[in-house]
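Take a look at the structure set out below.
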Amino acid sequence: MTTFRAAIEARDMTAAVAMLADDVVFRSPVAHRPYPGKAITSAILHAVVEVFEDFRYVRELHDGADHVLIFEAKVEGLDVTGCDILRYDEDGRIADFMVMVRPLRAAEALARQMGARFEQIQAAATDG
């Protein structure tokens, strides 16, 4: 069985999206409100793989249904460290997906890059 980490590392977005629950809630490091639903979460994931350069997971932690994947990447040439905090439902699908990043300058660069793509993200979520 492919894990979320393996799917992302292989850039297999079909496999990654298949692991999302229909009612998944995505919590962005650069937005104030959560984004509910598989369609918007999928669109965000597709956009972020374009934004991050040299993305790699460097550590993972598990505690029951909770899974934390720590990553390093670059955005606008800035080093970014972050984590994907995943909570799985009883069916083994990701029900809650929270991302945190640091340092502030890299988070601001991520916000600029994702903001520039947000109309496309919303359109993809509607079309999806």
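Its first residue numbered 0, the sequence shown is counted upward by one per residue in numbering that gives the first Met the number 0.
A virtual CB, placed ideally from N, CA and C, is assigned to each residue, including glycine.
Nothing here was measured: the structure is a model prediction, and the numbers come from that model.
By the Cβ-count criterion, D83 is buried, with 16 or more other Cβ atoms from all chains shown falling within 10 Å of its own Cβ. Between V57 and L109, the beta carbon gap of about 18 angstroms keeps them out of contact (Cβ cut-off 8 angstroms). When only Cα atoms are considered, A122 and I43 end up about 11 angstroms apart. According to the DSSP secondary-structure assignment, I43 is paired through a beta bridge with no residue.
Judged by DSSP in its simplified three-state form, R92 adopts coil rather than helix or strand. Distance check between G81 and each of S27, F3, V16 and M18 places S27 closest, using alpha-carbon atoms only. The beta carbons of T40 and V23 sit closer together than 8 angstroms. DSSP places E71 within a strand segment (E or B) once states are collapsed to three. Sorting V29, M18, R4 and D21 by C-alpha distance to the C-alpha of R111 places V29 at the top. Here the C-alpha atom of A115 lies approximately 24 angstroms from the C-alpha atom of E8.
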